[in-house]
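Engineer: Dumping the structure here so I can ask a few things about it.
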Amino acid sequence: MAQERIQILTIGSGPAGYTAVNYASRAGLKPVLYTGGEPGGRLTTTNDVENYPGYPKGISGPEMMVDFPKQAERFGTNIRYGVVTSVDFISYPLKATIDEEKEIIADAVIISTGAKAKIFGYPLNVDKLKEKYFDKVCHLFQRF
Ligand SMILES: Cc1cc2nc3c(=O)[nH]c(=O)nc-3n(C[C@H](O)[C@H](O)[C@H](O)COP(=O)(O)OP(=O)(O)OC[C@H]3O[C@@H](n4cnc5c(N)ncnc54)[C@H](O)[C@@H]3O)c2cc1C
């Protein structure tokens, strides 16, 4: 299996991952970020982001998540498409496997893989509910 030695591996390309790499790259640590199966993270699934500081008129989620990688690349983050399929945090340096075909060996790994909504244990049709009240349902689910 191919191996690559790096300083910092960041797993995930949502706001958390991009925030982390901005700090790491500005500190000269040459971070490598793997996007995972959902490049841009969960904000790519929402229309209006009204509460982020720095956007007085609000912004669409997909638009915002196009800007994040541009800023990260400006400071030298290496952004790659790929899924981290396993990690070994027992040995040091740390090891992660990408798409089961490449091994990354890193001094540090930043896990920013987000969260998933927890679904109520009630027998309700979540897909139907989402169709009708998409934003409200998502916000409600995030509280659990
Ligand atoms: C419909 C909806 C509307 C929302 N609206 C707003 C809003 O208006 N304002 C607001 O502040 N927040 C909003 N949120 C919440 C916001 O999207 C999340 O708080 C935010 O995306 C969390 O960022 P994150 O980086 O932690 O994780 P995420 O955005 O969830 O990103 C996780 C990343 O990890 C990656 N990943 C996962 N597993 C792996 C793996 N094995 N290998 C590599 N990568 C992996 C995924 O591909 C993804 O890129 C909304 C969420 C939803 C669903």
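Sequential numbering of the sequence shown, starting at -14, is according to our numbering. Where a beta carbon is used, it is the ideal one built from N, C-alpha and C, also for glycine. Quantities reported herein were computed from a predicted structural model and do not represent experimental measurements.
(1) Can you tell me whether T29 is helix, strand or coil according to DSSP?
(2) Any heavy atom of ligand 1 within a distance shorter than 7 Å of the CB on G22?
(3) With a cut-off of 8 Å on the beta carbons, I'd call T98 and G21 a contact; round off their distance for me.
(4) Kindly indicate which residue of L(-6), M(-14) and A(-13) has the alpha-carbon position closest to the one of F74.
(5) CB of P0 to nearest heavy atom of ligand 1: below 7 Å?
(6) Just to confirm my understanding: we take A66, look at its own chain, exclude 5 residues before and 5 after, and list those with CB closer than 6 Å. What are they?
(7) Grouping DSSP H, G and I as helix and E and B as strand, with all else coil, what is V68?
(8) What does a CB cutoff of less than 8 Å around L79 pick up in its chain, not counting 5 residues either side in sequence?
(9) Exposed or buried, which one is K49 when buried takes at least 16 other CB atoms within 10 Å?
(10) Measuring straight from C-alpha to C-alpha, what distance separates E85 and Y3?
(11) Based on the DSSP secondary-structure assignment, which residues constitute the bridge partners of R(-10)?
Structural biologist: Taking the definition as stated:
(1) Three-state DSSP puts T29 in a helix.
(2) Result yes, Cβ under 7 Å from ligand 1.
(3) Rounded, the Cβ-Cβ distance is 7 Å, consistent with contact.
(4) When each option's Cα is compared against that of F74, the closest is L(-6).
(5) At least one heavy atom of ligand 1 is found less than 7 Å from the C-beta of P0.
(6) Sequence check: residue 66 is Tyr here, not Ala. Answer for Y66: T20, listed in chain order.
(7) V68 carries a coil assignment under DSSP once its states are collapsed to helix, strand and coil.
(8) Around L79: L(-6), V72, D73, I90, A91, D92, A93 and V94.
(9) Note that residue 49 is Met in the sequence shown here, rather than Lys. Under the 10 Å beta carbon count, M49 is surrounded by 16 or more other beta carbons and is classified as buried.
(10) When the Cα atoms are used, E85 and Y3 turn out to be separated by approximately 24 Å.
(11) R(-10) pairs with I90.
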